[in-house]
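Read the structure below first, then the notes.
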Amino acid sequence: MYARPRILSLITTHRCTAACDHCCFGCSPKVTKAIPVARLHSLIDEAAAIPSFEMVGFTGGECFLLGKHLDALIARATGHGLRTRVVTNGYWAVTALAARRRIEALRDAGLGEVHLSTGMFHARFVPVERVLQAARASAEAGLFTTVWIEECEGSTFDGAFVRAALDDLVRERRVYVGSQPWIENADGRGEARLEHDPALSRFRDENKSGCPSILEVLSVTPDQTLIACCGFTMESIPELHLGSVAERSLAEVLEGAPNELLKYWLHVEGPERILEFVQRFEPDYRLPAESPSMCQTCLHLHRDPVAQRVLAEHADDIPFEAIMNAFAERIGTRVVRATR
6 MYARPRILSL ITTHRCTAAC DHCCFGCSPK VTKAIPVARL HSLIDEAAAI
56 PSFEMVGFTG GECFLLGKHL DALIARATGH GLRTRVVTNG YWAVTALAAR
106 RRIEALRDAG LGEVHLSTGM FHARFVPVER VLQAARASAE AGLFTTVWIE
156 ECEGSTFDGA FVRAALDDLV RERRVYVGSQ PWIENADGRG EARLEHDPAL
206 SRFRDENKSG CPSILEVLSV TPDQTLIACC GFTMESIPEL HLGSVAERSL
256 AEVLEGAPNE LLKYWLHVEG PERILEFVQR FEPDYRLPAE SPSMCQTCLH
306 LHRDPVAQRV LAEHADDIPF EAIMNAFAER IGTRVVRATR
């Protein structure tokens, strides 16, 4: 498979200190599934052997549950010349001092980025004050720091409070505070229907785009499945699963994975334009216009039998050459063939 593996995202565990409604991976304190620590180390080594990889991300679940193993893993990646990031809910920042000590230890191991998550669903389990302490400690340690606030209609979370509390760091461009839609997980917990501002619809012209993650960010799940993206719905889309790395190396799985046009098309144009292609041949086809997330649209694309039928029946109408030329232009010389 020709791929662009720039970032390896290690979903270290599905265990988490929170059990948020509509969690994309169904994480909770009760879930124990995790990648063995020794395998995490060897996956980093394997990524370093593939020239295009630049970064290793540690996420979950909650990657900080690894304790000191996280420090060692970051040091291993750093030793290979790979940049590192962590994605966390900040539960560990119980005081400002505790936050500084934990962050400084990780920085000394080589950590470069901290991405924090909060919002109405997270705050039920992790007080927002901990997120603020984690963000401030991270920024003051010189790390690239982002705080992502989940959003949906009717949210009672005070995002303005977060922005005001970090205003000095935001103005100094030491912290970025953003928001992203919190989408329903049809396969997991969360009974309430989530609605979003219509302005977020992925079918508005200004919101359409290709998927920058597919074939560029590769994820390894706790059951050691290699997936071709890092999206919220990726574990629910078997077509994005490249194979198991439990017994094979990253390079072996990549080398054996097929070159599927749909993945390149998703990278170049995104799932919304692909569904509009479907509508050309099925004029009565109802687009999921309410979708606020590319990941949600992608799940619809892969699960909808009408879309799959039209794509199969009109394969000759898909602009193969234009898609592949656009893909090549986007990634330039960074296209690599996985090697052992």
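Each residue of the sequence shown is one higher than the last, beginning at 6 in this note's numbering.
For every residue, glycine included, the Cβ atom is placed at its ideal position computed from N, Cα and C.
Query raised in the report: Which value, in whole angstroms, describes the spacing of the CA atoms of F130 and A23?
Result: About 5 Å.
Query - Cβ neighbours of R107 in the same chain (closer than 6 Å, five flanking residues each side left out) - result: Excluding sequence positions up to five before and after R107, its CB lies within less than 6 Å of the CB of W97, all in the same chain and listed in chain order.
**Report entry** Span of the beta strand (DSSP E), counted from its first residue to its last, around W153
**Finding:** 149 to 156
Query raised in the report: Going by DSSP, which residues form a beta bridge with F166?
Result: Answer is none; F166 lacks a bridge partner.
Requested in this report: Enumerate in chain order the residues of its own chain whose CB-to-CB distance from V167 is below 8 Å, with the five nearest sequence positions on each side excluded.
Outcome: T123, V133, V136, L137, V152, I154, V182
Report task. Find out if the Cβ-Cβ distance for the pair M125, F162 is shorter than 8 Å. Result -> yes
**Report entry** R141 (DSSP reduced to helix, strand or coil)
**Finding:** helix
Query raised in the report: Terminal residues of the continuous beta strand (DSSP E) containing P186?
Result: 180 to 186
Query - Residues bridged to T64 (per DSSP) - result: I16
Requested in this report: Could you tell me the distance, in whole angstroms, from the CA atom of M6 to the CA atom of E287?
Outcome: 32 Å
Query raised in the report: In chain order, what residues of the same chain lie with their CB nearer than 6 Å to the CB of A114, ignoring the 5 residues before and after it?
Result: D76, I79, A80
Requested in this report: Starting from L231, follow its DSSP beta bridges and name the residues at the other end.
Outcome: V225, G248
**Report entry** Host beta strand (DSSP E) of V99 (start-end)
**Finding:** Per DSSP, V99 belongs to no beta strand (DSSP E) and is neither H nor E.
Query raised in the report: Is I336 helix, strand or coil by DSSP?
Result: helix
Query raised in the report: What residue does the alpha helix (DSSP H) around S47 start on, and which one ends it?
Result: 42 to 53
Query raised in the report: Leaving out the 5 sequence neighbours to the left and right, which residues in its chain are closer than 7 Å to I219 when beta-carbon positions are compared?
Result: So the qualifying residues of the chain are A233, C234, K268, L271, H272.
Requested in this report: Return helix, strand or coil for R345, following the three-state DSSP convention.
Outcome: For R345, the predicted structure reports a pLDDT of 29, less than 50, and the residue's modelled location is therefore unreliable. The matter cannot be settled from this model.
Requested in this report: Look at the alpha carbon of I215 and the alpha carbon of E274, and state the distance between them as a whole number of angstroms.
Outcome: Looking at the sequence itself, residue 215 is Gly, so the reference to Ile does not match. Take the alpha-carbon of G215 and the one of E274: they are about 4 Å apart.
**Report entry** Straight-line gap, D210 to E281 (C-alpha atoms, nearest Å)
**Finding:** 12 Å
Report task. Go ahead and pull the three-state DSSP assignment for V92. Result -> strand
Query raised in the report: Is the region 242 to 262 in contact with the region 298 to 311, if contact means three or more CB pairs nearer than 8 Å?
Result: yes
Query raised in the report: Rounded to the nearest angstrom, how far is the Cβ of H3 from that of E158, given a contact under 8 Å?
Result: Any answer about residue 3 is impossible in this case: the structure gives the chain only from 6 up to 345.
Query raised in the report: Distance, Cα to Cα, T230 vs A53?
Result: Between the alpha carbons of T230 and A53 lies a gap of roughly 19 Å.
Query raised in the report: Over what stretch of residues does the alpha helix (DSSP H) that includes V356 continue unbroken?
Result: Residue 356 is absent from the structure shown; the chain starts at 6 and stops at 345.
Query raised in the report: Skipping 5 residues on each side, what residues in its chain have a beta carbon closer than 8 Å to that of G66?
Result: I16, T17, T18, H19, R20, C21, F30, C32, V36, A39, P227
Query - Distance between F208 and E277 (C-alpha atoms, nearest Å) - result: 6 Å
**Report entry** Beta-carbon gap between E221 and R9 smaller than 8 Å
**Finding:** yes
Report task. Note the first and the last residue of the continuous alpha helix (DSSP H) segment covering V315. Result -> 310 to 318
Query raised in the report: Roughly how many whole angstroms lie between the Cα atoms of L223 and G261?
Result: 15 Å
Query raised in the report: The beta strand (DSSP E) with L3 in it runs from where to where?
Result: Here the chain comprises residues numbered 6 to 345, so residue 3 is not present and cannot be evaluated.
**Report entry** Cβ shell of V61 (< 7 Å), same chain only, five flanking positions each side left out
**Finding:** L13, L15, I49, A52, A82, L87, T89
Requested in this report: Alpha carbon to alpha carbon, how far is N330 from V99? Give it in angstroms, no decimals.
Outcome: 51 Å
Query raised in the report: Taking Cβ positions, are R179 and A146 nearer each other than 8 Å?
Result: no
Report task. Using three-state DSSP, classify H201 as helix, strand or coil. Result -> coil
Report task. May I ask which residues mark the beginning and end of the alpha helix (DSSP H) holding V119? Result -> No alpha helix (DSSP H) holds V119; the beta strand (DSSP E) holding it covers 118 to 123.
Query raised in the report: From A103 to L199, what distance separates their C-alpha atoms?
Result: So the two alpha carbons sit approximately 35 Å from each other.
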